[in-house]
Amino acid sequence: MTHKILMTGITGLVGRWTAAALTRNGATIVAPVRNASKRAQGLIEWMSDHGGDAERLILVEGDLATENFLEQESLRQHLDNVTHVYSFAALMDWGLPPKLAKRVNASAVRELLDWAKAQRDLQRFVHISGYLVTSPRHREAINFDPAALATSASNPKKQLRRLYKRVGAYEASKIEADFLVRQAAVNGLPTTILNPATVIGASDTGEAHQVFGIEGLIDGLKRGTLSAVPGTPQAWTPLVTIDYVAAFAAKVPLQDADQSTDYVLLNQGTPTLKNMVGIIADELNLRAPNKHIPIWALRAVLKSGMEKRLGTPAETLAFINDYRFDTSTAEAAAVRAGIAQADIETALRKTLRFIESAAPNRVAA
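Throughout, our numbering is defined as the position within the sequence shown, counted from one, plus 21.
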């Protein structure tokens, strides 16, 4: 069957790799992009170089930061007969203004959901969320459970306001979007939520034009500010390769039959944070720290005015913990789809080498 997909976030790491896989398999993609005319050629060339079918890609001008972005005429004329929505856009940064984060990461998703509910031909809404909120311990720590709230009759506004005060704007806005998608599923929209861990480069080449999550460790080692490993000896920041995420996203949601599916995408072989820092230091020919610093102590240091000096925003610390995550559902789906994970340490080393080799002249489409 031919699939026509409306995809947001196609210029991002997960978006472009998934789009290449989808078009290679015969899907047509309509993608709103800011400054589309200027960015189209670079993205088309990248797609072609990575096995995608650029002729199946329709790039149109669109900005998720603009209210009612789906009403833009440049986009509306291409939205007939869409079978799937891939909600992959996210404004990713630390210290985001809450209003901007909420607009791009949550309100735009709400608009996509409202549009999707009205489409007769739509088969499934696919959304990229995050792995952290799948941990019961984390949900307890932030006192917010999007799945429970989605089935509750209570008004979510008060809890959402508290959430934005409790965690950083990026995390809060992504959790709000997660809640909105789960609420839509409860109300009858077929949905698939993908919850990837920190995404690193491709397992064969290490290629990644964006690396969000390990860049702080790289920078800290280079600057000499990472003098102790945050957290306990068991702490980690789980990883997953981009080619695994893209292959999963391009196959599994199109095969899903259940009303609502939810997958945690991470590699259980990810080393502890201490060992990961050691690997990074080894690749950079630098000395790795041996000591640990408790998260509570590091947070106090950062909040005392040291964030800029150390180059570590306090909100990043939520992603360093000893939580463990249930990937059994995703692993079973991957086996059915014929998708396998690579050795994560090897992939991490390749990613680090790619980052270092590409740093002087890297330009993203």
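Just so you know, even glycine gets a beta-carbon here, dropped at the ideal spot from N, CA and C.
Can you look up residue i in the DSSP assignment and give me helix, strand or coil?
i      : result
Met297 : helix
Ala385 : For Ala385, the predicted model reports a pLDDT of 47, less than 50, meaning its position is unreliable and no value from the coordinates is stated.
Val147 : strand
Glu132 : helix
Met68  : helix
Ile314 : strand
Glu92  : helix
Asn102 : coil
Ile163 : helix
Thr219 : strand
Leu85  : coil
Leu78  : strand
Asn306 : coil
Thr213 : strand
Asn342 : strand
Ser173 : coil
The alpha helix (DSSP H) that contains residue i, what's its start and end?
i      : result
Tyr107 : Unbroken run through Tyr107 is the beta strand (DSSP E), His105 to Ser108; no alpha helix (DSSP H).
Ile365 : Ile365 to Ala379
Ile196 : Ala190 to Val207
Lys178 : Lys178 to Arg187
Ser349 : Ser349 to Ala358
With residue i and residue j assumed to form a contact (beta carbons below 8 Å), what rounded beta-carbon distance in angstroms separates them?
i      : j      : result
Leu85  : Val125 : 5 Å
Thr253 : Gly222 : 27 Å between Cβ atoms; not a contact.
Phe340 : Thr246 : Actually they do not touch by this definition, with Cβ atoms about 18 Å apart.
Thr39  : Ala271 : 5 Å
Thr49  : His148 : The pair is not a contact, with the Cβ atoms about 20 Å apart (cut-off 8 Å).
Thr337 : Trp115 : 6 Å
Thr333 : Gly237 : 6 Å
With distances taken between CB atoms, is the gap from residue i to residue j smaller than 9 Å?
i      : j      : result
Ile79  : Ala42  : no
Ala218 : Val285 : yes
Val298 : Pro315 : no
Lys25  : Asn102 : yes
Leu181 : Trp136 : no
Val54  : Ala267 : no
Leu323 : Ile239 : no
Glu76  : Ser58  : no
Ser150 : Ala206 : no
Pro177 : Phe146 : no
Are the C-beta of residue i and some C-beta of chain C separated by less than 9 Å?
i     : result
Gln98 : In the structure shown, chain C does not exist; there is a single protein chain.
How would you write the range of the beta strand (DSSP E) that residue i sits in, first residue to last?
i      : result
Pro53  : Thr49 to Val54
Lys25  : Lys25 to Thr29
Ser281 : Ser281 to Leu286
Where are the alpha helix (DSSP H) runs, 4 residues long or more, that stay fully inside the stretch 221-267, in chain order? 236-244
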